[in-house]
Every structure is written in C-alpha cells, then in structure tokens.
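In my numbering, the protein residues as written are 69 to 297.
Heads up, the thing below is written out as structure tokens.
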C-alpha cells in the first residue's frame, strides 16, 4: 500500500511510521501551526522534521497552517487532497486521543483513504517502552503541565525517565506518552534513519507565569551513526 505519514518530529508519529514500514512510504507530511495552542499539531523543534526527512530519504511536505480549532483540520485535508492520487492511506501516531482520531477518520473517509493508526488503543506506557527498546533516541523538547519543570527540557527519554513519568502519572495524572499535551518530544535517531541528528546549538525558553517552556534549536546537522563528522 502507498501511504503518506504525518510526522511532527516527535516519538509517536515516527514510531507509527516505523510500524507501518512494510508499506510504501511515498510522502512525509508536517504541519506547522502558527497558533501554539493548536489542538492537532505541536510546534517545538518542528523545523527539524526537515532533517528527519533527509535521514529517511522520503519526500517531505512541510506546510504552515493557522492552527485554529476545526479550521486546521480543513487545512490538513487540503494538503492531503493535493497528493491523494498517489497514495492509498495515511499513517498517524495517535494513541488514545479521540479528538485526533475522529478527525483523521473523517479526513480519510472523505478522501477515500485508509486511516492507519498502528498505536491506536495501546497503553501509553507500553508505547513509550517499545519506542525506547526499539532504538529510538528521544529528547523532551517542551513541557506544559504541573509536575514538569525547566529541567525536563532537553532530557533524554530513556527507561529511567519513563519510570519518573509513571510516578508523575500517579501524582498529577500526566499522560506518560504526553498525548494530552503535557510534553513534546523530538526523535534524534531511530532504526529507519540513515543518519542521526546532532544538535549543535540550542537554548531553553521558560515562561515563569505558566510554568512551561520549550527548546529552541539554533543549529543542528545530520551525522554518521558510526562516527561524528
């Protein structure tokens, strides 16, 4: 099956792509919301999806949308409609968000495409553990909820950090996969990448009023997986 995959740069969209790799991946689609409060799309380090696309060697469609609720869904539909003749299905990394799943179902139904959601219905803890154990190198690029402070920005998401998130889930109800918007991630490397991403220069933005913040990557590059260039 010929498919396009929605990628945000984060762990779940890339892991969904990994699980759908038996299909012919024709396109990667990244949607950048001008509105940082977007209900569908995330924004921290979104520009680095361009490096991910190069690492995957797959054609990349990068589009900016308004990011307003409901309108952004129609904007995404327009993007997909432009390539629908070349694909049979759409891959996304939704786990348990009914809001996102219903809207992706609607778009695919209207365009006559199959909606592939390989993570749908899984336990968020299991998903994150699978990602780590399958060789995904993940960092946290944004935190937006109680229980996560500035020190979490840039932290590598490994099995030890997963245990910390499980404890925060018990205390604050944080979704361990961050699907409720609690935190955002970036995949620096995974088994599908021909090269990995190295961040050369970055800084943290922290808003004390909202106790939230995100990573700003000023410079990054692709490097060999064996040796740094």
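Cβ coordinates follow ideal geometry from the N, Cα and C atoms, glycine included.
In this text the structure is predicted, and so the values were computed from the model without any measurement.
By how many angstroms is the C-alpha of residue 286 removed from the C-alpha of residue 235?
The alpha-carbon atoms of residue 235 and residue 286 are separated by roughly 33 Å.
Going by DSSP in three states, residue 185 sits in which element: helix, strand or coil?
Of the three classes helix, strand and coil, the one that applies to residue 185 here is coil, per DSSP.
State the beta-bridge partners of residue 274 as determined by DSSP.
Answer is 281, bridged to residue 274.
Report the partner residues of residue 100 according to the DSSP bridge assignment.
132, per the DSSP bridge assignment.
Between the alpha carbons of residue 223 and residue 272, how many angstroms are there, rounded?
Residue 223 and residue 272: Cα-Cα distance of roughly 12 Å.
Which residues in the same chain have their Cβ closer than 8 Å to the Cβ of residue 256, if we skip the five residues on either side of it in sequence?
Around residue 256: 205, 206, 207, 264, 265, 266, 267.
Please confirm if the segment 227-247 is in contact with the segment 190-199, defined as three or more CB-CB distances below 8 Å between the two stretches.
Judged by Cβ distances under 8 Å, the segment 227-247 makes contact with the segment 190-199, as three or more pairs qualify.
With burial defined as no fewer than 16 other Cβ atoms inside 10 Å of the residue's Cβ, what is the status of residue 301: buried or exposed?
Past the edges of the chain, shown from 69 to 297, lies residue 301, and the structure says nothing about it.
Out of 179, 143, 139, 162, which one is the CA nearest neighbour of residue 154?
The shortest Cα separation from residue 154 among 179, 143, 139, 162 belongs to 179.
Quick one: residues in its chain with C-beta nearer than 8 Å to the C-beta of residue 281, no 5 flanking neighbours on either side, listed in chain order?
Excluding sequence neighbours, residue 281 sits near 210, 211, 218, 221, 272, 273, 274, 275.
Between the alpha carbons of residue 129 and residue 114, how many angstroms are there, rounded?
Using only the alpha carbons, I get a separation of about 13 Å.
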